Structure formats: structure tokens, C-alpha cells
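One structure is given here, and the rest of the page talks about it.
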Amino acid sequence: MSRTPKPPFRLPVDPYILALLGTVGLAALLPASGSAAPVASGAATGAVALLFFLYGARLSTREAMDGVRHWRLHVTVLACTFVVFPLLGLAARVFVPYALTPNLYHGLLFLCLVPSTIQSSIAFTSIARGNVPAAICAGSFSSIAGILFTPLLAAGLLGNSGGGFSADSLLKIVLQLLVPFLAGQFLRRWVGGFLVRHKKVLGYVDRGSILLVVYSAFSEGMVRGIWHQVSVVRLGALLAVEAVLLAAMLALSWYGAKRLGFGRADRIAIQFAGSKKSLAAGLPMASVLFGAQASLAVLPLMLFHQMQLMVCAVIAKRRARDPLGEECGAGAVPVPVEDAGVRAGR
């Protein structure tokens, strides 16, 4: 009698989050200080430029143009990401100083300004039998828009609390984010094939670069004594506020899309793309915008990232068991998506 093979063991926590926490622990024990500090900072700057070059080189312009016909869906996702999220972030100001410190609140507000994810939104949409092509385009459009919208929103809503947004900050954004992204788009016809053939290896380059950015930011925070401002009680309060924020966005994106007349398949894509935030895009942006305060600024985003993956995984599995009606249409046909894309946390 043959035995049913056991499913592979999966950690209850995203392995990449464990790597991030390990990097934070390393920065706490062995922060880059003295002559090592500028070396770590320079390496992080190069890593940010490399990340956005790879983003630009991987994004297919033809795929993006093919999805333009779903403009109502994309506008809805962009509104969730860059309008509704920031409004909820501003409303969370009522928790200061009772539950959140000013610095933690600024990190929470920054979390509300970063673009949506790409891979994990696609993966969850596929699992839930939603409109996968629309999720691909919506995530891509959000990432492109975030290069412009996130710094502008940070300048308007965070002001000097974001590390001093100035002409110098804008120049850094252009040089470290926009120029590498455009260079990647320009060189895509020559390097695109190489990136496709080596996407697994380059995925490790992506994640390794982000870990370097995290190490540099948290090292500087340790050297400046920023972490003495955070207590366990404050962290618990931050998690509670983020849970409310995520629940609100999941409900608003789902029921709001229904009120706008979208079918089930499109509503699934809108919910997953409109309620999630990109750790991969947010971390390097924070290092540019916040400077010495980046370690506290990215903490809410790191916690929200893990929370959104766990909650959305449960929702996607529940949606997959829903009976498919006629409203689903062809867009509900799932496509294979690598599980590594979810772990990468884009």
C-alpha cells in the first residue's frame, strides 16, 4: 500500500523576513561605524541604483501597453495605493503620542506612500482565480508611478520630518532611482534575454542588495542611538494599528470595486494589488528620503509586509474555493507563478 507523500515543510514566517531580521540583528551587534560607515553607505547607494536598473530592465513595455485597455482597473488600484492609503495614514495621526511615537508614525505614513507589490499580487491573484493579466499590469504601473509619486507625497506629507526633503533629496532620487530605471528600460533589448535566463540568480542579487540597504540603515540608527526610542509596548501598538490599516484597505478595495461595477476576477486583482505595499521598492526609497532616520522609517513597512503576506495568503485560498460564476470571464484563468516571487516580497 503506497503512502501519500507528506507536503514539504514550510516555515510559518516568510524566510526573507527572517533574513531581514537577521540582518537587523547583525547591525545591532556589529554596526558599521567609524571608517566602515562610509563604505557601507556607499555600497548601499550602489545597491539601490542596481535594484532600480534591474526593475527597469525586467519590465516589458509591451506587456504594460497590452494592459492599458483595463484603464479603469489600473486607475482604481492607483487610487487605492496613492490616495486612500495616504488618507488613512494621515488619519492614524490620532494615535500620536498615545500609541505611536512621532518617528514611528512617520514610518507608518511612509508605508502608506510606497507603491504596490508585483510578484506577490500576481501570485495571490492567480491562486484566487482572479484577473492575472490585470494584476501584472496594475503592479507594474504602480511601481513606475511610485518612482514619481512616493517622493512627491513624502515631500508634501512628511516635509522636514522625512529627513529634510530638499533639492538635494530630489537630486538623489533622480540619480539613484529614476536614472537607473530609465537606463534599464533603454538597455532592455540587449540585456532582457540575459535577465530572463538568469532570473533566479538575479533574484538573489535583488534580495542581497536590499539586505545591504537594511544593514546600512540600521547600523546608522544604532550608532546614533535611535533604537532607544522604541519600546516593546510601542511595537505592539504599531502592530495593532497596522492590522487595522490592512483590514480597512482589504475591505475598501473589495467592496469599493464592487460598487464601481467590477466583476469578481477584477475585484480580486484590485484587492490584492490595491491593499499591499512593496518592501523591495520601499526600503531603498526610505534610505534615500530619510537618511539617518531610515531605520525607524522602514520598521513599519517590514512588519506590514509580513502581515500582508500572511493575511492575503489566507484570503487567496478562501477565494479559490468560491464558486466561479459567469462574471469571472476569461480573466479569471490562473497562470503559473513561481512561489519564490511571493517570498521575494515585491
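Each residue of the sequence shown is one higher than the one before, counting from 0 in numbering that gives the first Met the number 0.
Think of the CB as a built atom: it goes at the ideal place given N, C-alpha and C, for glycine as much as any other residue.
Model, not experiment: these values are computed from the prediction.
Counted within 10 angstroms of its Cβ, other Cβ atoms place residue i as buried (16 or more) or exposed
i    : result
K390 : With the chain running from 0 to 345 in the structure shown, residue 390 is simply not present.
M221 : buried
W189 : exposed
R318 : buried
I209 : buried
L29  : exposed
L147 : exposed
L17  : exposed
S34  : exposed
G324 : Confidence at G324 is low in this model, with a pLDDT of 49, below 50, so the placement of that residue is unreliable and no value is reported for it.
Distance between residue j and residue i (C-alpha atoms, nearest Å)
i    : j    : result
L89  : F109 : 10 angstroms
A26  : A42  : 15 angstroms
L194 : N130 : 26 angstroms
G21  : S215 : 13 angstroms
L176 : M306 : 27 angstroms
V74  : A256 : 11 angstroms
I117 : L259 : 23 angstroms
L351 : P283 : A query on residue 351 cannot be resolved here, the shown segment of the chain reaching from 0 to 345 and no further.
L50  : A182 : 12 angstroms
A315 : F81  : 23 angstroms
F52  : S40  : 19 angstroms
T100 : V229 : 8 angstroms
G281 : A154 : 15 angstroms
Beta-carbon separation (whole angstroms), residue i vs residue j, contact threshold 8 angstroms
i    : j    : result
L77  : A268 : No, L77 and A268 are not in contact; Cβ-Cβ is about 13 angstroms, not under 8 angstroms.
S218 : A31  : 4 angstroms
G136 : S252 : Residue identity check: residue 136 is Cys in the sequence provided, not Gly. Not a contact, Cβ separation roughly 16 angstroms.
Residue i: first and last residue of the uninterrupted alpha helix (DSSP H) it sits in
i    : result
D265 : R263 to G273
S139 : V131 to L156
L108 : P101 to L110
P322 : Here P322 belongs to no alpha helix (DSSP H), and DSSP marks it neither H nor E.
L288 : L278 to F289
S119 : Q118 to I126
**Q.** 4-residue-minimum alpha helix (DSSP H) runs that sit fully inside the region 163-251, ordered along the chain
**A.** Listed in chain order, they are 166-172, 178-196 and 198-222.
Q.
For a minimum of 4 consecutive residues, which ranges assigned as the alpha helix (DSSP H) are wholly contained in the region 14-86?
A. With a minimum length of 4 residues, the continuous alpha helix (DSSP H) runs that stay inside the region 14-86 are 14-28, 35-57, 60-65 and 70-78.
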